[in-house]
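Data block below; observations after.
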Amino acid sequence: MRKLLVAALLVAGVGFAASISADSDERKESHKEKSHESEAEVHAREAVEIATRSMNHQDAVINLVMARDIPITYDYIETLMRLPNAFGEGAACIICHSSNDPKVSYRGLDLTSCEGILKGSMEPPARPIIHPGDENGGGLLKRHLRNNRMPLGVAFDYPTDTPNILSVKKWLDDGANNDDFFNTTVLPLFAQRNAFGSPLSCTDCHMSNQEPPSFHELDMTSYEGIMLGADAIAKAKEGKPPVKIVKPGNSAESKLYQRLVENRMPAGISPAEDRDHPNMQLLMQWIKQGARCK
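And the structure:
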């Protein structure tokens with residue numbers, strides 16, 4: 001998935017040929033070096049390669065911590081909120097979210113304390129950001145740490161109230177009907193590059209309910225595809241319905257609108273960063289365990 005995201009973002013392809021040439025030269029040089037290795041050196045190198053492939057920090061988190069349901073303490077969560085690059089390359093969470101006063105802290109969100117996390121966003125409309133004890137209680141916090149703004153490549157500070165975005169919002173709030181407004185104004189936007197601030201269009205990545213070639217089996221080329229939602233085939237195998245991206249009459253709760261206006265955190269993080277970073281999993285485990293402050 002990460003490789004596909006990176007490939008989608010490298011639209012210009014600058015330096016690609018040079019990179020391939022350099023990789024080829026490195027492989028040739030590496031082959032020369034390996035041909036002069038002793039048997040002991042070969043065994044040592046292979047041991048390191050095997051160890052590198054078989055062990056990583058994500059496996060350690062899943063197998064040693066998650067599998068045994070080891071209690072996650074707030075002490076560790078506090079560290080994550082104050083640590084740069086905790087969830088991928090980016091600033092510490094508390095740089096932007098350090099108070100419940102919206103005048104000095106984005107969204108009136110205080111991530112400097114356990115109480116602040118539990119209190120949630122105080123900017124109207126005030127909302128909780130987690131649901132302690134819930135299996136899927138990550139709520140707004142999880143959404144903003146995992147979900148990339150769409151289409152891929154849109155700038156972090158791209159406005160959220162452009163005419164095109166507002167047209168999608170209006171269509172959703174008016175009931176998401178298959179009417180003239182949708183077919184003449186809204187649907188064409190999904191196939192138009194730069195419609196939402198990215199050199200990519202929505203249908204560059206979402207053109208079918210099959211994956212591959214379409215990310216998340218999402219088809220945005222038709223009304224039927226949009227209303228069906230994402231991951232229909234994958235979810236059907238689990239006995240579950242598709243992931244709906246439209247909630248008629250409610251743009252704020254529609255994933256389609258959320259993805260057009262909500263940035264992934266921390267600010268400016270690459271969309272190719274691992275959405276299930278070990279620290280992300282530990283944070284979700286803390287919430288699942290009740291988000292205890294002590």
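Every letter in the sequence shown is one number past the one before it in my numbering, and letter 198, counting from 1, is 198.
Glycine included, each C-beta is placed from N, C-alpha and C at the ideal position.
| Query | Result |
| --- | --- |
| How would you call E253, buried or exposed, if buried means at least 16 neighbouring beta carbons within 10 angstroms? | exposed |
| Between the region 241-255 and the region 223-231, are three or more C-beta pairs nearer than 8 Å? | yes |
| Distance, Cα to Cα, A47 vs R68? | 29 Å |
| Buried or exposed: which applies to S198, given that a residue is buried once 16 or more other Cβ atoms fall within 10 Å of its Cβ? | buried |
| Determine the extent of the alpha helix (DSSP H) in which R82 is found, giving its start and end residues. | Y74 to R82 |
| Helix, strand or coil for A230, going by three-state DSSP, please let me know. | strand |
| Put V246 into one of helix, strand or coil per three-state DSSP. | coil |
| Provide the residue(s) that pair with D219 in DSSP beta bridges, ordered along the chain. | M207 |
| Check for me: the alpha helix (DSSP H) holding Y295 runs from which residue to which? | Given a span of 1 to 294 for the chain in the structure shown, any question on residue 295 remains unanswerable. |
| In this structure, does DSSP put A22 in helix, strand or coil? | Here A22 scores only 46 on pLDDT, less than 50, and its place in the model is too uncertain to base an answer on. |
| What residue does the alpha helix (DSSP H) around G139 start on, and which one ends it? | G139 to R146 |
| Let me know the secondary structure DSSP gives D110 once reduced to three states. | strand |
| Using three-state DSSP, classify H44 as helix, strand or coil. | Reading off the sequence shown, one finds Ala at residue 44, where the question assumed His. In the structure shown, A44 sits in a helix (DSSP, three-state: H, G or I). |
| Go ahead and pull the three-state DSSP assignment for S251. | helix |
| Quick test of the definition: if touching needs 3 or more C-beta pairs under 8 Å, does the region 153-166 touch the region 256-273? | yes |
| Buried or exposed: S24, going by 16 or more other Cβ atoms within 10 Å of its Cβ? | Residue placement at S24 is flagged as unreliable, the pLDDT there being 48, under the threshold of 50; the coordinate-derived value follows with that caveat. Label assigned to S24: exposed. |
| Start and end of the alpha helix (DSSP H) containing F190? | L187 to F190 |
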